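Using our numbering, you'd call the opening residue of the sequence shown number 4 and step up by one each time.
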Amino acid sequence: MSAIDVTELDVREPGLLMNPDGPSASARLLMATCLSAVRPVLRAFPVSRATIPFGAAAIDGLAWLRPTPRGVDREQVALKGFRMEILRPSGGSRALRHGAVLYMHGGGFAVCGLGTHRPIAASLARRTGLPVVNVDYRQLPGRNISDAIQDCLTAYRWLLRHGADPSRIIFAGDSAGGFLAFATALRAIETGLPSPGGLVGLSPLLDLDYAAKRDYVNVARDPYLPLSALEAVVRIGAEVDGRLDPMVSPVNGALAGLPPVLLIAAEDEVLRYDCELMARRLTAAGVPNALEIWRGQVHAFMAIAPNLPESRMALARVSRFVRARLEQSQRARTA
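1) Considering just the uninterrupted stretch of the beta strand (DSSP E) at Phe324, what are its terminal residues?
2) Since Val138 and Ile55 are thought to touch, with beta carbons under 8 Å apart, how far apart are those beta carbons, to the nearest angstrom?
3) Hey, how far is the Cα of Val135 from the Cα of Pro309?
4) Label Thr337 either buried or exposed according to how many other C-beta atoms from any shown protein chain fall within 10 Å of its C-beta, with 16 as the threshold for buried.
5) Using 8 Å as the threshold, is the region 238-245 in touch with the region 283-301, meaning 3 or more CB pairs across them?
6) In the DSSP assignment, find the beta strand (DSSP E) that holds Glu88 and state where it starts and stops.
7) Are the beta-carbon atoms of Ala235 and Val50 separated by less than 7 Å?
8) With DSSP collapsed to three states, give me the class of Arg31.
9) Kindly give me the distance between the Cβ atoms of Ala268 and Leu274, rounded to whole angstroms, as I take these residues to be in contact under 8 Å.
10) Can you give me the C-alpha to C-alpha distance between Glu193 and Leu205, rounded to a whole angstrom?
11) Relative to the C-alpha of Gln153, which candidate in Ala188, Ile173 and Arg164 has its C-alpha closest?
12) Compute the distance between the beta-carbons of Ser322 and Thr131, then report whether it is under 7 Å.
13) If you run the structure through DSSP and keep just helix, strand and coil, what is Phe174?
14) Excluding the 5 residues preceding and the 5 following Ala287 in the sequence, name in chain order all residues of the same chain whose CB lies nearer than 6 Å to its CB.
15) In chain order, what residues of the same chain have a beta carbon less than 8 Å from the beta carbon of Val251, not counting five sequence neighbours either side?
16) Which ranges does the alpha helix (DSSP H) cover as unbroken runs of at least 4 residues, wholly within the region 114-190, from first to last along the chain?
17) Met21 to Pro43, Cα distance in whole Å?
18) Roughly how far, in whole angstroms, is the beta-carbon of Leu143 from the beta-carbon of Ile62, given that I think they are within contact range, below 8 Å?
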């Protein structure tokens with residue numbers, strides 16, 4: 004039997020290439036932009052404590068050029084040291100007890116925030132019909148990765164205190180946010196909190212061991228994300244006296260307690276390594292999981308450009324996974 008129950012989870016076989024006919028014209032344009040503009044910038048201005056604030060300001064400035072997402076209502080929540088934004092489908096009356104998506108944005112633990120990731124959070128809210136809680140966790144260089152995990156755990160505790168059923172909460176995130184989704188779930192279980200109902204990783208970073216990736220073929224193929232950026236982030240945010248605790252990486256955690264998982268990655272991105280490694284270890288631990296690979300896309304394409312044809316299809320896959328997990332929760336409740 005497959006490690007995935009496709010009837011229950013509504014996902015396909017692990018490692019399936021989702022668009023074998025190749026990328027759309029819009030996706031090819033995004034790829035060309037990353038290769039010609041983003042890739043050179045990231046190599047000319049390496050990630051460091053000094054460059055992070057400038058990069059964050061530039062990205063936040065570009066986010067203001069995006070149109071405000073339609074079809075959602077927004078609510079701001081202030082917690083100790085950080086904030087969150089709840090996006091609900093306009094006109095919807097769904098309370099948190101009906102289910103929620105706890106979303107952790109990407110950005111290398113250092114850049115991006117509510118503004119940059121409001122479009123993907125809004126898309127998920129419209130597609131699932133659920134509140135999406137977007138966490139603006141504390142970031143590098145002022146804080147470290149452990150602080151970010153703690154903030155996301157605090158956000159989960161907040162949801163539980165406000166009546167959310169853990170079996171109807173789905174953790175999701177892209178890139179570094181995917182790391183936080185898995186790390187937060189593992190930390191929650193470790194501290195005695197209930198497991199969420201499901202996990203979604205969109206081009207997730209799941210293994211902080213950058214040295215293990217140096218010989219991986221996609222290091223040279225990735226359209227814009229350099230391995231040196233990952234190394235810099237890990238050195239700033241996770242290493243202590245030059246050493247990395249391997250247990251910080253979700254791939255090395257106690258995976259058997261995790262709920263069903265959906266992983267989505269681009270074919271040529273460097274973090275495909277993390278997804279494939281995690282899929283193998285989840286299967287070995289008996290955790291239902293699926294890995295979907297998208298041809299001709301860039302790292303975190305669905306967060307960068309949620310309106311790409313491929314992004315819309317990928318997010319539709321995510322929403323189907325979310326609905327399947329909620330339906331399973333309902334069946335278990337009424338059994």
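Where a beta carbon is used, it is the ideal one built from N, C-alpha and C, also for glycine.
As the structure is a computational prediction, the values presented were derived from the model and not from experiment.
In short:
1) Counting along the chain, Phe324 falls outside any beta strand (DSSP E), though it belongs to the alpha helix (DSSP H) covering Pro312 to Thr337.
2) In fact, because the Cβ distance is near 19 Å, the residues do not count as touching under 8 Å.
3) One alpha carbon belongs to Val135, the other to Pro309, and they sit about 15 Å apart.
4) Exposed, since its Cβ has fewer than 16 Cβ neighbours within 10 Å.
5) Touching, no.
6) In the DSSP assignment, Glu88 falls within the beta strand (DSSP E) that extends over Phe85 to Pro92.
7) The answer is yes: Cβ separation under 7 Å.
8) Three-state DSSP puts Arg31 in a helix.
9) So it is a contact: roughly 6 Å between Cβ atoms.
10) Here the C-alpha atom of Glu193 lies approximately 24 Å from the C-alpha atom of Leu205.
11) Of the residues Ala188, Ile173 and Arg164, the one whose Cα lies closest to the Cα of Gln153 is Ala188.
12) Yes, Cβ-Cβ distance for Ser322 and Thr131 is below 7 Å.
13) Residue state for Phe174 is assigned as strand, using DSSP reduced to three classes.
14) Beyond the five residues adjoining it in sequence on each side, Ala287 comes within less than 6 Å, by CB distance, of no other residue in the same chain.
15) For Val251, where only same-chain residues beyond five positions count, the Cβ hits under 8 Å are Ile148, Ser149, Ala186, Leu211 and Ala241.
16) Secondary structure in the region 114-190: the alpha helix (DSSP H) runs of 4 residues or longer, each lying completely within the stretch, are 117-131 and 148-164 in chain order.
17) For the pair Met21 and Pro43, the Cα-to-Cα distance works out to about 29 Å.
18) That pair is no contact at about 14 Å.
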